[in-house]
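J.: In the UniProt record's numbering, the protein residues as written are 1 to 712. Think of the CB as a built atom: it goes at the ideal place given N, C-alpha and C, for glycine as much as any other residue. Starting off with a structure, shown below.
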Amino acid sequence: MYHFLALTSVGIEVLLAEEIKSLGGEQVVQKPEGVYFSAPLALGYHICLWTRFATRVLLQLGQGEAQNKDQLFAAASEVNWSEVFSSHHTFAVDFVGKSEEIRNSQFGGLTVKDAIVDHFRAINDERPSVDKSYPDIRIQARLLKQKVAFYLDFSGRGLFQRGYRRDSGAAPLKENLAAAIIKRSGWLDDTSKPLIDPMCGSGTILIEAVSMAAGEAPGIDRENWGFELWLDHDAEMWQEQLSRAIASSNEGISKLDVKVSGYDLDNRVLKTAEQNVRNAGLQRFINLTCRDANKLVNSFEQPGTILFNPPYGERIGELPELVETFVTLGQKFKAQFMNWRVAILTANIELLSMLKLASFKRYKLKNGPLDCQLALYKLDEQQTAKDDLNPQGDFAREKSDFANRLSKNVKNLKGWIRAEQLECYRLYDADIPEYNVAVDIYGEYLVIHEYAPPATIAPEKAAKRLQEVIYWAPKVLNITTDKVVLKTRAKQKGTNQYQKIDKSKQAIVVREYGAKLKVNLWDYLDTGLFLDHRKTRQIVAKKAKNKSLLNLFAYTGSVSLQAALHGAASVTTVDMSNTYLNWAQDNFTLNNLSGHKYQFVQADCLQWLKSNQQLFDVVFIDPPTFSNSKRMGESFDVQRDHVALIEDGLKALAPGGELIFTNNKRNFKMNFDAMAALNLKVVAMSDKTRDKDFQRNKHIHNSWLITRHNQA
């Protein structure tokens, strides 16, 4: 009798334990780390061939105390390694676990490796070589509660891989997890009923479902096994088990009478699914169609199961379309799929609320590193009764406070937007505290900025409200979901305010009062154009006509651009970021502006000001609230440092010149005493620089016009 440990993903342990019992395993014990069982060798082979839920099967070789390195080495030395594998074969050691003395897997693995090598030396055998990538024999040492157990990787890595999947979609589902959700869905109780996967991707769920219905052994096409070079491997016994599994599987396939259906919007992914289905030899049982899940229809004669693993909305641009899809599917399920069962695996638990269905069971699982839930629904009369009068149910527009407010804002701003011929503007800015977002328009695109929710609102509730926003905003504004961009903006402490969130290198061109401006809605939290400074740009530009302008902390140079278009005699644009400075130059190129009178300087503005000798008629300073960039000698805090910054800015101001100082720090306090000591006239102008779409938000920015008292 041999002792084994079968490993699997989190949440599947119960199913794995049940499976091993059904396959004949003895002394089956389920623990957090996996399922322990005992079996004779033939049954060990049999379980490797037939398990659907295990990711690996390990064979125990020995165990011992391991409170420190010496004990670990001694325990490893007790195993007769020359009876496990030959010295001319390569090996590798995987070490799992740690303790106060053995703090990392590399240290533990090296200790076990040394014990193995020393064993071969002690019997005057040659030293076996280590191959970490493709070893002939893989050993696993598992440290738990000061004790260590040594295992042969009996099955080999990736037992979940059936061999039919040569390629996959963007987010492949492991076969053992697919098997688990199929088992939990209940479809296997009656496989004569339909099974639909409306987002089938590379087809894993459908292939696994058909294979399970046929009673096919999932391991028969596997090319490599961990036990093949184990010295106690019985090749004849193994071939007997393999032949039986193949014969049983072929018989199951020959008797199978099922039809399952898969749909996917992406034709390229569907071609991959078709190839995987052919590789599995199951093409006559699986129908694949290129179709949007939103257009799902019930063309089946009897109720069945709808089972799918949708995208989780992690990649940029996915979530708006997913919210729309989940709302639509919820309505379709209730309208067309009475008495069906629905099973959905997702890491985005809040998306499930958009279905407006009550689940009767939920299972916690892990898909790779992601915590997921499998939610099960029965589409009975109870689920649909409340929506008989209104097929949209809770998604009637009049029931959404957010949709109502956004509609009202659109109506109030419509005339102003048309009169000003604006392409970019704000329509909503946390008007209702519970819906803590900003909604902006950039040409044909809708941008939703999610702010960090107030501490008084539970994260789950905030997530549900965000999805309500994502659902209603494009509908109210008549914008398709593929033109919706979602940005998450949490409070940032101790970091620069411009943070990258993805890298797509996409950009569009928008217009503002005759200027063409490049904006990027995807790669940064900010888009390259601060909408709240629309009027500021015009005020600075008019003041700079026929004059010289210095634009500090220039970002993408939109103030510089407007000044140049208004006829500034010269424009000097300074920013520490090469990315933004290049962006500013792109904006000038877009507007056919070039020449020596337009200077772009990459520098730390604080240091540059101290060494600058040139004088300017207009100086514009819009610093970050806080910055501690590595390229700066010290941190900058606008509240703490604004007096020194303005004082340095004045040194660059020509006699009779004007300095415009602005920032977006909430509750910023201008130090008027210091300004008076510098003999400066300070005029608040925030009301003039804040345009109509930002009238509600008095704190969006602060602006002052600063001049010397003694100038004409």
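By Cβ distance below 8 Å, which residues in the same chain neighbour E101 in space, the five residues on each side in sequence not counted?
T.: Your numbering for residue 101 matches position 101 in the sequence shown. Within the same chain, E101 has close Cβ partners Q67, N68, K69.
J.: What are the residues that DSSP puts in a beta bridge with Q30?
T.: Stepping through the sequence shown from its first residue, residue 30 is reached at position 30. For Q30, which the question treats as bridged, DSSP gives the partners V35.
J.: Around the Cβ of R666, are there at least 16 other Cβ atoms within 10 angstroms (buried) or fewer (exposed)?
T.: Numbered from its first residue, the sequence shown carries residue 666 at position 666. Counting Cβ neighbours within 10 Å, R666 comes out exposed, since fewer than 16 surround it.
J.: When you compare each of A180, A507, L58 to E18 by their alpha carbons, which one comes out closest?
T.: The sequence position of residue 18 within the sequence shown is 18, counting from 1. Closest by alpha carbon: A180.
J.: Where does H233 sit, in a helix, a strand or coil, going by DSSP?
T.: Mapped onto the sequence shown, residue 233 falls at position 233. In the structure shown, H233 sits in coil (DSSP, three-state: anything other than H, G, I, E or B).
J.: Check each candidate in L705, R708, I706, D687 and name the one with the smallest Cα separation from D699.
T.: Here the question's residue 699 lines up with position 699 in the sequence shown. The amino acid at residue 699 is misidentified as Asp; the sequence shows His. Nearest C-alpha to H699: D687.
J.: Using 10 angstroms around the beta-carbon of C424, count the other beta-carbons present and answer buried if the total reaches 16, otherwise exposed.
T.: Counted from its first residue, the sequence shown places residue 424 at position 424. Burial call: buried.
J.: Apart from the five residues just before and just after G494, which ones in its own chain have a Cβ nearer than 8 Å to its Cβ?
T.: What you label residue 494 is simply residue 494 of the sequence shown in a count that begins at 1. Its pLDDT being 38, under 50, G494 is placed unreliably by the model, and the measurement read from it follows with that caveat. Closer than 8 Å at the Cβ level, and outside the excluded window around G494, lie F626, N628.
J.: Per DSSP, what kind of secondary structure is S254 in: helix, strand or coil?
T.: Walking along the sequence shown from the start, residue 254 turns up at place 254. Three-state DSSP puts S254 in a helix.
J.: What do you get for F95, buried or exposed, if any count of 16 or more other CB atoms within 10 angstroms of its CB means buried?
T.: Taking the sequence shown and counting its residues from 1, one reaches residue 95 at position 95. It counts as buried.
J.: Go ahead and pull the three-state DSSP assignment for I706.
T.: Numbered from its first residue, the sequence shown carries residue 706 at position 706. Here I706 sits in strand by DSSP.
J.: With a floor of 3 residues, list each beta strand (DSSP E) that falls wholly inside the UniProt domain "THUMP" (43-154), ordered by position along the chain.
T.: Listed in chain order, they are 56-65, 91-96, 137-144, 147-153.
J.: Report yes or no: do the segment 445-454 and the segment 472-488 share at least 3 C-beta pairs separated by less than 8 Å?
T.: Verdict: yes, contact present.
J.: Among Y471, Q613, V439, L653, which residue has its Cα nearest to the Cα of D532?
T.: The sequence position of residue 532 within the sequence shown is 532, counting from 1. It is V439 whose Cα lies nearest to the Cα of D532.
J.: Quick one: does L590 have its CB under 8 Å from some CB of chain B?
T.: Absent from the structure: chain B. Only one protein chain is present.
J.: Please check the pair D125 and S192, which I expect to be a contact at CB under 8 Å, by giving their CB distance rounded to whole angstroms.
T.: Sequence index remark: in the sequence shown, residue 125 carries index 125 (1-based). Sequence index remark: in the sequence shown, residue 192 carries index 192 (1-based). About 60 Å separates the two Cβ atoms, so there is no contact after all.
J.: Thinking C-alpha only, which one of V559, V574, D575, M576 is nearest A568?
T.: Position 568 of the sequence shown, counting from 1, holds the residue named residue 568. If we check each option's Cα against that of A568, V559 comes out closest.
J.: List the endpoints of the continuous beta strand (DSSP E) containing E444.
T.: By one-based count along the sequence shown, residue 444 stands at place 444. Looking at the DSSP string, E444 is not in any beta strand (DSSP E), and its letter there is neither H nor E.
J.: Ignore the nearest five residues each way along the sequence and tell me which others in L23's own chain have a CB closer than 8 Å to its CB.
T.: Residue numbering aside, residue 23 sits at position 23 when the sequence shown is read from its first letter. The residues are L43, H46, I47, W50, T51.
J.: Mind checking D622: buried by the 16 CB within 10 Å criterion, or exposed?
T.: The sequence position of residue 622 within the sequence shown is 622, counting from 1. Burial call: buried.
J.: My understanding is that F91 touches I139, with C-beta atoms under 8 Å, so please give their C-beta distance in whole angstroms.
T.: Mapped onto the sequence shown, residue 91 falls at position 91. Mapped onto the sequence shown, residue 139 falls at position 139. Contact holds; Cβ gap of about 6 Å.
J.: Grab the span of the beta strand (DSSP E) containing K545 for me, first residue to last.
T.: Mapped onto the sequence shown, residue 545 falls at position 545. Neither: K545 is in no beta strand (DSSP E) and is coded neither H nor E.
J.: Let's see if you can read the secondary structure: which residues bound the beta strand (DSSP E) around residue 713?
T.: Any question about residue 713 goes unanswered here, given that the chain covers just 1 to 712.
J.: How many Å lie between K518 and L144 at the Cα?
T.: On the sequence shown, position 518 is the one that residue 518 refers to. On the sequence shown, position 144 is the one that residue 144 refers to. Each residue's Cα considered, the two are about 57 Å apart.
J.: Straight-line CA distance for S38 to D234?
T.: Taking the first residue of the sequence shown as position 1, residue 38 is located at position 38. Taking the first residue of the sequence shown as position 1, residue 234 is located at position 234. Roughly 18 Å separates the two Cα atoms.
J.: Contact between the segment 340-354 and the segment 294-310 is defined here as three or more beta-carbon pairs at a separation below 8 Å; is this criterion met?
T.: Touching, yes, given that three or more Cβ pairs across the two stretches are closer than 8 Å.
J.: Is T536 closer than 8 Å to T662 when the C-beta atoms are compared?
T.: Taking the first residue of the sequence shown as 1, we reach residue 662 at position 662. Taking the first residue of the sequence shown as 1, we reach residue 536 at position 536. Yes, Cβ-Cβ distance for T662 and T536 is below 8 Å.
J.: Please return the same chain residues whose Cβ sits closer than 6 Å to the Cβ of F300, not counting the five positions on each side in sequence.
T.: Here the question's residue 300 lines up with position 300 in the sequence shown. Result list for F300: P194, in chain order.
J.: Roughly how many angstroms separate the alpha carbons of S703 and N697, rounded to a whole number?
T.: Your numbering for residue 703 matches position 703 in the sequence shown. Your numbering for residue 697 matches position 697 in the sequence shown. Each residue's alpha carbon lies about 14 Å from the other.
J.: Could you compute how far the alpha carbon of A6 sits from the alpha carbon of F160?
T.: Position 6 of the sequence shown, counted from the first residue, corresponds to residue 6. Position 160 of the sequence shown, counted from the first residue, corresponds to residue 160. Each residue's alpha carbon lies about 12 Å from the other.
J.: Report the residue ranges of all beta strand (DSSP E) runs contained in full by the segment 392-433; include only those spanning at least 3 residues, in chain order.
T.: Counting whole runs of 3 or more residues, the segment 392-433 contains the beta strand (DSSP E) stretches 424-429.
J.: Nearest-angstrom Cα distance between P218 and S211?
T.: Along the sequence shown, one-based indexing puts residue 218 at 218. Along the sequence shown, one-based indexing puts residue 211 at 211. Near 8 Å, if we compare the C-alpha coordinates of S211 and P218.
J.: Check whether the Cβ atoms of A115 and A76 lie closer than 8 Å to each other.
T.: For this step, residue 115 is matched to residue 115 along the sequence shown. For this step, residue 76 is matched to residue 76 along the sequence shown. Their beta carbons are under 8 Å apart, which means A115 touches A76 by this criterion.
J.: Could you compute how far the alpha carbon of N710 sits from the alpha carbon of N679?
T.: Taking the first residue of the sequence shown as position 1, residue 710 is located at position 710. Taking the first residue of the sequence shown as position 1, residue 679 is located at position 679. Spanning the two alpha carbons is a distance of roughly 8 Å.
J.: Out of E175, V469, R362, N276, state which residue places its alpha-carbon closest to the alpha-carbon of D431.
T.: The sequence position of residue 431 within the sequence shown is 431, counting from 1. It is V469 whose Cα lies nearest to the Cα of D431.
J.: Note down, in chain order, each residue of its chain lying with its Cβ closer than 6 Å to the Cβ of L265, except the 5 sequence neighbours on either side.
T.: Taking the first residue of the sequence shown as position 1, residue 265 is located at position 265. Contacts found: D292.
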